[in-house]
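A quick write-up on the structure given underneath.
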Amino acid sequence: MREDNSVLVTGGAGFLGSHLCEKLLEEDREVICVDNFFTGTRRNVEHLVGNTRFELLRHDVTFPLYVEVDQIYNLACPASPTHYQFDPVQTTKTSVHGAINMLGLAKRVRASILQASTSEVYGDPEVHPQPEAYWGRVNPIGIRSCYDEGKRCAETLFFDYYRQHRLDIKVLRIFNTYGPRMHPNDGRVVSNFIVQTLRGEDITIFGDGKQTRSFCYVATPADFPGPVNIGNPREFTIFELAELVVRIVGGKSKLVFKPLPSDDPRQRQPDISLARQRLGWEPKVTLEDGLKETIAYFRALLAQ
Ligand SMILES: NC(=O)c1ccc[n+]([C@@H]2O[C@H](COP(=O)([O-])OP(=O)(O)OC[C@H]3O[C@@H](n4cnc5c(N)ncnc54)[C@H](O)[C@@H]3O)[C@@H](O)[C@H]2O)c1
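Quick note: the sequence shown uses this note's numbering, first residue 3, plus one each step.
In structure tokens:
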């Protein structure tokens, strides 16, 4: 029999997905966690296995899924350039076929559905900071396009299902988020800098380190159809981030500079006025505090 408040989390064994599963179980929901374990691991959710309200399924979202649920959180998709560029065709399929399959499921069972979209839909933006009304500047044929255009097409599908089938959708545009359970080798800047510093290696900075990002510690947004930017509007240069990691870890790592990869955005900062107004949401954890927690996680992981 279908449980009330049952939730499907795709990509639930990943970094953000595992925190979400945990949070939903704390709220007494029934959680079906679906993952193909491409970048996620069983280790991220092993503390949840054994909970009678938690079910872990190996499944690839590019194939249809038949389950009965009330809500769907669609997070399945590799999120770091190293991983999404490993098999770009599969990345686009995951975003596009994954969205079609999950929207089809939501339509069939009349579930509400949330899409984990990304600041990458803004590409290399000429508007700064980026409000939701900005359409973005994305290269359709570059090495990042499998991710950026895949996520843009997924947003199109979400809003077409919203208009055409009156589905209850929510689209969140998530900006650089970091924290415990990030993949240690995924090439994302925060985990890269921490792991390199903990190992006593030099820190690799691509470009001159003046490109900016804003880093948001794992947060839980409230209900809202969106699209809505979720991220930290406090902007740091990559150089500042590297210096902060070295200061907290206390290692002797030097900063070494390499050329920027193609289409790497030069600046990135969310305009979160809409999230503040409509969700009463804003990030609460400072970069320094978030980094301390994340460094503690990687220190323990590397010691194993
Ligand atoms: N972390 C961030 O800074 C950030 C920023 C913007 C958007 N997002 C989005 O949030 C979501 C989660 O990101 P994350 O940082 O937790 O990354 P992650 O790589 O840790 O998680 C993605 C999960 O999806 C799974 N997955 C990938 N392809 C799949 C498929 N075809 N079928 C089933 N499962 C599949 C992976 O195994 C992994 O567990 C992604 O959709 C990502 O695009 C993340």
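No residue lacks a Cβ here, since even glycine has one placed at the ideal position from N, Cα and C. Given the structure is predicted, the values throughout are model-derived calculations rather than measurements.
* Taking contact to mean at least 3 C-beta pairs separated by less than 8 angstroms, is the region 5-20 in contact with the region 66-85? -> yes
* DSSP state of S8 mapped onto helix, strand, coil -> Within the sequence shown, residue 8 is the residue found at index 6, counting from 1. Under the three-state reduction of DSSP, S8 is assigned to strand.
* Can we say the region 111-129 touches the region 263-271, given the rule of at least three CB pairs closer than 8 angstroms? -> yes
* To do: Check whether the Cβ of C155 sits closer than 6 angstroms to any heavy atom of ligand 1, and report yes or no.
  => Working through the sequence shown from its first residue, we reach residue 155 at position 153. Every heavy atom of ligand 1 is 6 angstroms or more from the Cβ of C155, so no.
* Beta-carbon proximity of S119 to V173, cut-off 7 angstroms -> As a first step, residue 119 is located in the sequence shown; it is residue number 117 there, counting from the start. As a first step, residue 173 is located in the sequence shown; it is residue number 171 there, counting from the start. Contact flag set, yes.
* Asked: The beta strand (DSSP E) with T120 in it runs from where to where?
  -> Locating residue 120 in the sequence shown gives position 118, counting from the first residue. From DSSP, the beta strand (DSSP E) with T120 extends over S114 to T120.
* Selected residue, minimal CA-CA separation from P90, among R146, G52 and L59 -> The residue given as residue 90 occupies position 88 in the sequence shown. It is R146.
* Sort V47, R139 and T12 by Cα distance to P80 and report the nearest one. => Within the sequence shown, the letter at position 78 stands for residue 80. Of the listed residues, the one whose Cα sits closest to P80 is T12.
* Should L169 go down as buried or exposed, given a rule of 16 or more other Cβ atoms within 10 Å for buried? -> Here residue 169 refers to the residue found at position 167 of the sequence shown. The residue in question, L169, is buried, as its Cβ has 16 or more Cβ neighbours within 10 Å.
* Check whether the Cβ of I176 sits closer than 6 angstroms to any heavy atom of ligand 1, and report yes or no. => Here residue 176 refers to the residue found at position 174 of the sequence shown. Answer for I176: yes, Cβ within range of ligand 1.
* Go ahead and pull the three-state DSSP assignment for H177. => One-based indexing of the sequence shown puts residue 177 at position 175. What sits at residue 177 in the sequence shown is Phe, not His. Coil, per DSSP.
* Less than 8 angstroms between the CB atoms is what I'm expecting for V258 and I205, so what's the real figure, rounded? => For the purposes of this step, residue 258 is taken as residue 256 along the sequence shown, with counting starting at 1. For the purposes of this step, residue 205 is taken as residue 203 along the sequence shown, with counting starting at 1. About 7 angstroms; that satisfies the 8 angstroms criterion.
* Would you check if there are 3 or more beta carbon pairs closer than 8 angstroms linking the region 54-66 to the region 88-103? => Yes, since at least three Cβ pairs between the region 54-66 and the region 88-103 fall closer than 8 angstroms, the two stretches touch.
* Excluding the five sequence neighbours on either side, which residues of its own chain have a C-beta within less than 7 angstroms of the C-beta of R301, listed in chain order? -> Locating residue 301 in the sequence shown gives position 299, where the first residue counts as 1. Closer than 7 angstroms at Cβ, skipping near neighbours: L200.
* Can you name the residues that DSSP bridges to G125? -> For the purposes of this step, residue 125 is identified with residue 123 of the sequence shown, where counting begins at 1. R139, per the DSSP bridge assignment.
* What distance in whole Å lies between the Cβ atoms of I171 and F160, which are believed to be in contact at a cut-off of 8 angstroms? -> Walking along the sequence shown from the start, residue 160 turns up at place 158. Walking along the sequence shown from the start, residue 171 turns up at place 169. That belief holds up - the Cβ atoms of F160 and I171 are roughly 5 angstroms apart, short of 8 angstroms.
* Quick one: using the 10 Å Cβ neighbour count with 16 as the cut-off for buried, is E32 buried or exposed? => Translated into positions along the sequence shown, residue 32 becomes position 30. E32 should be labelled buried.
* **Cα-Cα separation, I297 to T239** => Here residue 297 is taken as the residue at index 295 of the sequence shown, counted from 1. Here residue 239 is taken as the residue at index 237 of the sequence shown, counted from 1. A straight-line Cα-Cα distance of about 19 angstroms links I297 and T239.
* Asked: Touching or not, the region 14-23 and the region 37-44, by the rule of three or more beta carbon pairs under 8 angstroms?
  -> yes
* DSSP state of K95 mapped onto helix, strand, coil -> Position 93 of the sequence shown, counted from the first residue, corresponds to residue 95. Note: K95 maps to helix in three-state DSSP.
* Would you call the CB atoms of G233 and P272 closer than 7 angstroms? -> Here residue 233 corresponds to residue number 231 of the sequence shown, with the count starting at 1. Here residue 272 corresponds to residue number 270 of the sequence shown, with the count starting at 1. Here G233 is near P272, since their CB atoms are less than 7 angstroms apart.
* Drop a sphere of 10 angstroms on the beta-carbon of H167, count the other beta-carbons inside from all chains shown, and report buried for 16 or more, exposed for fewer. => If you number the sequence shown from 1, residue 167 lands on position 165. Looking at its Cβ environment, which holds fewer than 16 other Cβ atoms inside 10 Å, H167 is exposed.
* Asked: What are the start and end residues of the beta strand (DSSP E) that includes D188?
  -> On the sequence shown, position 186 is the one that residue 188 refers to. Run containing D188: none; DSSP gives neither H nor E here.
* Asked: What does a CB cutoff of less than 6 angstroms around V111 pick up in its chain, not counting 5 residues either side in sequence?
  -> Along the sequence shown, read from residue 1 onward, the residue named residue 111 stands at position 109. Result list for V111: E70, in chain order.
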